[in-house]
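In terms of my numbering, the sequence shown opens at residue 176 and continues consecutively.
Glycine included, every Cβ here is placed at the ideal spot set by N, Cα and C.
Since this is a predicted model, take the numbers as computed values, not measurements.
Worksheet: one structure, shown below.
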Amino acid sequence: MRPDNSIVIRIEGVTLRYGCVEALRDVTIDIKRGEFLGIIGPNGSGKTSLLKCINGILKPLAGTIYLDGRLIENLNPKEIARICASVPAEIPEHLNITVSDFVFLGRYPYIRGIWWEDKQDEEFVKRVLAYLQLCHLKRRKLSEISSGELQRVLLARAMAQNPKVLLVDEPCAHLDLKYKLEVMELLKALSKNGITIIASSHDVNLLSRYCDRIILLNRGKIAAVGKPEDVITERTIKEVYGIEVLIITDKDGIFVIPRRPLPSFSGNGSD
176 MRPDNSIVIR IEGVTLRYGC VEALRDVTID IKRGEFLGII GPNGSGKTSL
226 LKCINGILKP LAGTIYLDGR LIENLNPKEI ARICASVPAE IPEHLNITVS
276 DFVFLGRYPY IRGIWWEDKQ DEEFVKRVLA YLQLCHLKRR KLSEISSGEL
326 QRVLLARAMA QNPKVLLVDE PCAHLDLKYK LEVMELLKAL SKNGITIIAS
376 SHDVNLLSRY CDRIILLNRG KIAAVGKPED VITERTIKEV YGIEVLIITD
426 KDGIFVIPRR PLPSFSGNGS D
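What follows is the structure, given as structure tokens:
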């Protein structure tokens, strides 16, 4: 890989299969530092699979992935976690610990001794909680906070890893309109501070408003990639999603309004 300080992730020819199902096929893309990249596509198009390849959970059948200039195969899980932090769509129900304890889990890649955390970890977590305005919730259990607050807590745990990249799966799932905007504003602010954001979502309208670039996946392949206005068009949505849409553009972004499905369209494979 040629050195390029502006590139934090390089994906070259990645192919992934689940048994006989091809989830990703020859995916190639460079992702820059501080970029806000959105991933869209129908159910089963490979969005979550791509995120799991980037953070090392899944190993591609073919192709290579570089994280911060290093081949992912040469990195151990802690080294990957210091570069990439994942923000899941939800947490397991049984994990009902306090907000503070949950955020401290993000310091795991930096554990140096027998103790779970040290003073440096404590100060880092305090700064993260303050940045996301969560200090007043730190002693509350995860089951005792709202969906919008929980999404910020998930972000806080990821930020506690001090990552260069945030991988966010459905950042606005289960949120009302106000919290959706708050979460997206937070992600945008983080990208402006130099953290690369890669967000997978079904909410085309929100991603088109906040992302610098969009990847449109279809059946595991990149159908289009570029600025939101170049990727999200009536033609590409019709070809990939199998529906006719009306697209309205104003100063805030692109708004996709579904009109009708195509009668002959059939669904995709597994995600």
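Contact check, residue i vs residue j under 8 Å by CB: the rounded distance?
i: LEU225; j: VAL202; result: 7 Å
i: SER220; j: ARG394; result: 6 Å
i: ILE215; j: SER376; result: 7 Å
i: LEU421; j: ILE429; result: About 11 Å separates the two Cβ atoms, so there is no contact after all.
i: SER366; j: GLY209; result: 6 Å
i: MET359; j: LEU341; result: Not really, about 13 Å apart at Cβ, beyond 8 Å.
i: PHE230; j: ILE255; result: Correcting the residue type first, residue 230 is Asn in the shown sequence and not Phe. ASN230 to ILE255, Cβ: 6 Å. Contact.
Taking 7 Å as the threshold (C-beta atoms), are residue j and residue i in contact?
i: CYS386; j: GLY213; result: yes
i: VAL183; j: ASP243; result: yes
i: ARG343; j: VAL262; result: A small correction: the amino acid at residue 343 is Val; Arg does not occupy that position in the sequence shown. Yes, the pair counts as a contact, with Cβ atoms nearer than the cut-off.
i: THR273; j: ALA237; result: no
i: ILE320; j: LEU307; result: no
i: ARG332; j: GLY401; result: no
i: CYS228; j: PRO338; result: no
i: ILE390; j: PRO403; result: no
i: ALA396; j: ARG200; result: Going by the sequence as given, residue 396 is Lys instead of Ala. Yes, the Cβ-Cβ distance between LYS396 and ARG200 is below 7 Å.
i: SER322; j: LEU361; result: no
Using the C-alpha atoms, what's the distance from residue j back to residue i?
i: GLU324; j: ALA335; result: 16 Å
i: ILE187; j: ILE240; result: It is Glu, not Ile, that sits at residue 187 in the sequence shown. So the alpha carbons of these two residues sit roughly 6 Å apart.
i: ARG257; j: ILE232; result: 15 Å
i: ILE286; j: LEU392; result: 37 Å
i: LEU270; j: GLN326; result: 15 Å
i: ILE372; j: LEU437; result: 33 Å
i: ARG434; j: GLU265; result: 31 Å
i: ASP378; j: LYS234; result: 27 Å
i: GLY369; j: TYR283; result: 22 Å
i: LYS355; j: GLU345; result: 11 Å
i: GLU419; j: LEU317; result: 41 Å
i: VAL406; j: THR424; result: 13 Å
i: GLU248; j: LEU330; result: 26 Å
i: LEU352; j: ALA374; result: 18 Å
i: PRO217; j: PRO267; result: 25 Å
i: LYS253; j: SER275; result: 21 Å
i: GLU409; j: ALA399; result: 13 Å
i: ARG192; j: VAL415; result: 21 Å
i: THR411; j: ASN251; result: 39 Å
i: ASP315; j: LYS363; result: Correcting the residue identity first, residue 315 is Arg in this sequence and not Asp. Spanning the two alpha carbons is a distance of roughly 27 Å.
i: LEU309; j: GLU357; result: 14 Å
i: ARG177; j: PHE211; result: Confidence at ARG177 is low in this model, with a pLDDT of 49, below 50, so its placement is unreliable and the value that follows should be read with caution. Near 23 Å, if we compare the C-alpha coordinates of PHE211 and ARG177.
i: GLY444; j: LYS222; result: Confidence at GLY444 is low in this model, with a pLDDT of 49, below 50, so the placement of that residue should be treated as unreliable; the coordinate-derived value is given next. Spanning the two alpha carbons is a distance of roughly 12 Å.
i: VAL300; j: VAL328; result: 11 Å
i: ASP427; j: GLY417; result: 26 Å
i: GLU298; j: ALA305; result: 11 Å
i: LYS413; j: GLY194; result: 29 Å
i: LYS294; j: ALA198; result: 44 Å
Run the proximity test for residue i: is its beta-carbon closer than 6 Å to any non-hydrogen atom belonging to the ligand PLP?
i: LEU280; result: Among the components modelled here there is no ligand, and therefore nothing to report on the ligand PLP.
(request) Pick out the complete beta strand (DSSP E) segments inside the stretch 226 to 281, 3 residues or longer, and give them in chain order. (result) Counting whole runs of 3 or more residues, the stretch 226 to 281 contains the beta strand (DSSP E) stretches 237 to 242, 259 to 262.
(request) Return the chain-ordered ranges of every alpha helix (DSSP H) run that is complete within the stretch 356 to 388 and spans a minimum of 4 residues. (result) 379 to 385
(request) Scan the stretch 317 to 358 and note each continuous alpha helix (DSSP H) run of 4 residues or more that stays entirely inside, going in chain order. (result) 322 to 334
(message) So within the stretch 395 to 439, which uninterrupted alpha helix (DSSP H) runs reach at least 4 residues, ignoring any that extend past its ends?
(response) 403 to 406, 409 to 416
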